[in-house]
Amino acid sequence: MCMKATCSTCQKATWYGCGKHVPGVMDSIPADERCTCEPKVEIEGKQYPPKAASI
């Protein structure tokens, strides 16, 4: 299961977990509040922030 996490680099919202539920976690978070670090993760044609190192 995936959950919201905070990026340790930019301190913005990202995700942590198995990777199967990223859209469910990230789609409700406004773009300006999302982690901007690279590399992005592409799921079903959409770009998401990279997985957090820990929660």
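FYI, in our numbering the residues of the sequence shown are 3 to 57. C-beta atoms are modelled at their ideal positions from N, C-alpha and C, and glycine is treated no differently.
Strictly by DSSP, which residues pair up with A54? Its beta-bridge partners do not exist; DSSP assigns none.
Start-to-end residues for the beta strand (DSSP E) that takes in M5: That run of the beta strand (DSSP E) goes 5–8.
Span of the alpha helix (DSSP H) around G26: 24–28
Take the Cβ of P51 as the centre, count every other Cβ of all protein chains shown within 10 Å, and call the residue buried at 16 or more, exposed below. The residue is buried, with at least 16 neighbouring Cβ atoms inside 10 Å.
Establish whether the CB of C20 and some CB of chain B are separated by less than 7 Å. In the structure shown, chain B cannot be found, because there is only a single protein chain.
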